[in-house]
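Chemist: Residue numbers (my numbering), protein chains in the order written: chain A, 173 to 495; chain B, 173 to 495.
Just so it is clear, CB atoms sit at the ideal spot from N, CA and C, and this is done for glycine as well.
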DNA sequence: TTCTGCTCCGAAATCGATTTCACTAGCCAC
DNA sequence: GTGGCTAGTGAAATCGATTTCGGAGCAGAA
């Protein structure tokens with residue numbers, strides 16, 4: 173069935189120890205012996221058992237990712253990029269989705285799997301990240317907001333993202349801003365809200381409306397209707413997500429022309445370019461985010477001991493055709 | 173650092189064997205001994221090492237998924253659902269993304285990780301699924317098309333999906349159909365094309381145009397321009413993806429009214445409901461697909477030996493507001 | 001010649017669990 | 001009293017690799 177290192181050893185007339193040394197990289201093994209061993213490995217199609225390896229050296233070459241699809245607007249992009257980057261670093265990815273299990277249980281499961289490191293993405297401020305508990309493995313909080321004192325943290329500066337959106341709108345002539353986002357119910361929403369407050373204060377812009385609720389088309393539509401029914405409707409919408417922005421975009425009549433309020437979305441989802449009129453939105457640096465996370469994690473795996481880092485990457489504004 | 177079964181054994185004044193028996197489920201252990209052991213386990217916070225367990229029993233409780241984000245239009249939904257379902261079955265998910273590595277290499281990596289089973293999603297017909305090679309673990313092809321003779325196969329009946337789209341359009345009065353899809357370059361595209369050919373033949377509908385290319389907005393737009401420039405433009409568009417449908421939807425002027433061609437997309441991506449005018453599209457039964465896959469795989473893990481199954485699930489039409 | 005130092009390699013311990021085998025009591029039946 | 005059975009437990013082998021320790025062989029120096 174399975175070909176073990178003993179089979180190879182027998183085939184090459186050497187001891188398993190020698191085979192292991194060849195595998196490790198011809199450290200101190202006679203060139204011709206090494207060659208003979210390699211031939212046998214090739215012939216038998218031997219592949220070392222990762223499980224046995226993991227047990228012996230106390231590393232599994234495995235990273236755990238705890239995320240759920242709605243924990244982050246770009247969760248899919250995160251998983252994809254991370255999986256690639258880890259593969260390049262010879263690491264495998266264990267995926268733990270927080271569906272029916274509580275966050276802590278998933279983390280425990282992955283730790284029991286002996287992952288070498290953990291990357292956590294939490295969407296709600298209510299879920300607590302483990303306080304580096306139990307196993308002494310590096311834990312990295314990915315876009316979980318600032319104030320992550322216990323762990324390394326790599327995140328997007330969502331406050332800056334919303335600030336850019338507001339500055340853009342004001343520069344375009346907007347005077348009465350409406351904000352529709354998630355608010356403090358989500359980690360990202362809370363930061364966005366901070367950014368919104370800061371930007372409007374800085375620019376002395378009128379906050380015409382602040383509507384906090386789920387990032388759904390339904391919520392966006394109902395709030396929009398109420399705002400339009402008011403006697404001084406906003407001339408620009410700052411949205412906490414592209415879904416909200418797209419919903420508003422679709423609900424507003426196209427024919428308004430110059431009268432049409434400005435809209436800025438958030439997230440730069442792949443499909444926003446398909447909307448008409450095209451949306452202006454804020455692009456999250458997901459690739460950089462993940463790359464940076466992997467870089468930090470690898471440093472930790474390499475044994476670096478230092479205070480937790482906190483890296484915040486700035487998003488950038490993507491202009492739609494409206495500008 | 174880590175607490176082992178020996179620590180528990182010492183704490184409870186028993187042998188590791190007894191602790192193991194308690195863990196396995198009080199098989200033949202005196203109730204009071206079991207209770208003592210459980211107390212110690214609780215007190216020390218002992219969690220059995222999955223790596224050591226995997227080595228000893230020859231199962232890891234782990235399933236490998238090989239997929240890349242563009243291998244399937246609903247890859248994100250697949251990963252999410254699968255992760256949940258596996259967690260419910262006490263299985264962990266190893267994710268192998270086919271980015272810079274060839275498909276076979278990823279499969280090998282996962283097999284070396286000693287996964288108990290593999291689920292493969294391939295997007296291109298050119299990548300070959302392994303012929304049950306090497307390790308004797310169950311392999312399941314997920315939406316990899318029919319004709320998967322070596323492995324269990326659970327898939328969506330994409331031919332039926334396109335057939336429904338065509339029937340709908342013809343029923344709505346369409347006479348000159350255009351098809352814009354991926355063609356045989358992708359597994360799904362090939363089946364869709366079959367379905368299109370079958371449906372148009374059955375309904376004796378005129379195939380006004382057949383444009384095969386990437387599922388991108390760019391390709392959709394350029395083909396649309398050419399079709400519109402022709403002297404007898406189509407009155408309905410059958411699209412192989414929602415992206416193509418949305419691009420066409422956005423590019424066609426809204427004001428056409430009754431003259432506006434009908435459009436049907438494919439995939440029912442979450443964002444299609446945000447398009448205006450709303451898109452009619454074909455919904456893929458991703459949840460059922462994954463659930464069925466997990467069911468089949470669990471049967472195999474349970475030791476069921478029988479010929480490979482081939483399960484095809486029908487998609488369903490989602491009407492937009494145009495109908 | 002003997003000693004030192006090197007290179008190459010094998011024996012055996014080890015990682016942390018599971019599981020077989022054997023052993024001790026205790027009990028019942030003959 | 002002896003044999004057989006069961007229940008409860010521990011010693012030790014095992015899974016498949018890695019790694020330490022030490023031995024053999026050989027070259028060069030004293």
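1) As a quick exercise: from 188(B), 367(B), 315(B), pick the residue whose alpha carbon is nearest that of residue 237(B).
2) Just mark residue 323(B) as buried or exposed, buried being the case when its beta carbon has 16 or more other beta carbons within 10 Å.
3) Closer than 9 Å by beta-carbon distance: list the chain B residues that pair up with residue 272(A), in chain order.
4) With DSSP collapsed to three states, give me the class of residue 479(B).
5) Per DSSP, what are the beta-bridge partners of residue 411(A) in this structure?
6) From residue 379(A) to residue 290(A), what distance separates their C-alpha atoms?
7) Going by DSSP, name the residue or residues bridged to residue 453(A).
8) Kindly indicate if chain A contains any beta-carbon less than 9 Å away from that of residue 310(B).
9) Can a CB atom of chain B be found closer than 9 Å to the CB of residue 285(A)?
10) Please report whether the beta-carbon of residue 495(A) lies at a distance below 9 Å from any beta-carbon of chain B.
11) Three or more C-beta pairs under 8 Å: does that hold for the region 397-412 of chain A against the region 396-412 of chain B?
12) CB-CB under 6 Å to residue 446(B), same chain, minus the five flanking residues each way: which ones, in chain order?
13) Which runs of the beta strand (DSSP E) at least 3 residues long sit entirely within the region 266-339 of chain A? Give them in chain order.
14) Is residue 180(B) buried or exposed, if buried means 16 or more other CB atoms sit within 10 Å of its CB?
15) What whole-angstrom Cβ distance do residue 234(B) and residue 287(B) have, given they're in contact under 8 Å?
16) Shorter than 9 Å from the beta carbon of residue 391(A) to some beta carbon of chain B?
17) Taking residue 269(A) as the query, report the chain B residues whose CB atoms sit under 7 Å from its CB, ordered along the chain.
18) Contact defined as beta carbons within less than 8 Å: I believe residue 381(B) pairs with residue 400(B). What is the distance between those atoms, to the nearest angstrom?
19) Since residue 266(B) meets chain A, which of its residues come closer than 9 Å, beta carbon to beta carbon?
20) Any contact between the region 216-233 of chain A and the region 268-277 of chain A? By contact I mean 3 or more CB pairs, one from each, below 8 Å.
21) Contact defined as beta carbons within less than 8 Å: I believe residue 476(A) pairs with residue 452(A). What is the distance between those atoms, to the nearest angstrom?
22) Apart from the five residues just before and just after residue 420(A), which ones in its own chain have a Cβ nearer than 6 Å to its Cβ?
23) Of all the CB atoms in chain B, is at least one closer than 9 Å to the CB of residue 387(A)?
24) To the nearest angstrom, how far is it from the Cα of residue 206(A) to the Cα of residue 225(A)?
25) Which one or two residues does DSSP pair with residue 234(A) in a beta bridge?
26) Bridge partners for residue 434(A) per DSSP, in chain order?
27) Can you tell me which of the three DSSP states residue 208(B) falls into?
28) Got a sec? Which residues, its chain only, sit under 6 Å from residue 333(A) by beta carbon, not counting five neighbours each side?
29) Tell me, please, which residues DSSP counts as bridged to residue 383(B).
30) How would you label residue 229(B), buried or exposed, when you count the other beta carbons within 10 angstroms and need 16 or more for buried?
31) Which same chain residues, not among the five before or five after residue 253(B), have their C-beta less than 7 Å away from its C-beta?
32) Drop a sphere of 10 angstroms on the beta-carbon of residue 495(A), count the other beta-carbons inside from all chains shown, and report buried for 16 or more, exposed for fewer.
33) For residue 426(B), is the classification buried or exposed, using 16 other Cβ atoms within 10 angstroms of its Cβ as the cut-off for buried?
34) Just mark residue 257(B) as buried or exposed, buried being the case when its beta carbon has 16 or more other beta carbons within 10 Å.
35) Between residue 220(A) and chain B, is the shortest Cβ-Cβ distance under 9 Å, so that the two count as touching?
Modeler: To lay it out plainly:
1) 315(B)
2) buried
3) 256, 259, 260
4) coil
5) 352(A)
6) 40 Å
7) 490(A)
8) no
9) yes
10) Model confidence at residue 495(A) stands at a pLDDT of 43, short of 50, so the residue's coordinates are unreliable and nothing is read from them.
11) no
12) none
13) 289-292, 311-314, 324-328
14) buried
15) 5 Å
16) no
17) 252, 255, 256, 259
18) The pair is not a contact, with the Cβ atoms about 11 Å apart (cut-off 8 Å).
19) 234, 264, 265, 266, 267
20) no
21) The pair is not a contact, with the Cβ atoms about 40 Å apart (cut-off 8 Å).
22) 392, 396, 409, 435
23) no
24) 20 Å
25) 264(A)
26) 408(A)
27) helix
28) 454, 487
29) 352(B)
30) exposed
31) 458, 459, 462
32) Reliability of the predicted coordinates at residue 495(A) is poor, the pLDDT of 43 falling under 50, and the value obtained from them is presented with this limitation in mind. Classification for residue 495(A): exposed.
33) exposed
34) buried
35) yes
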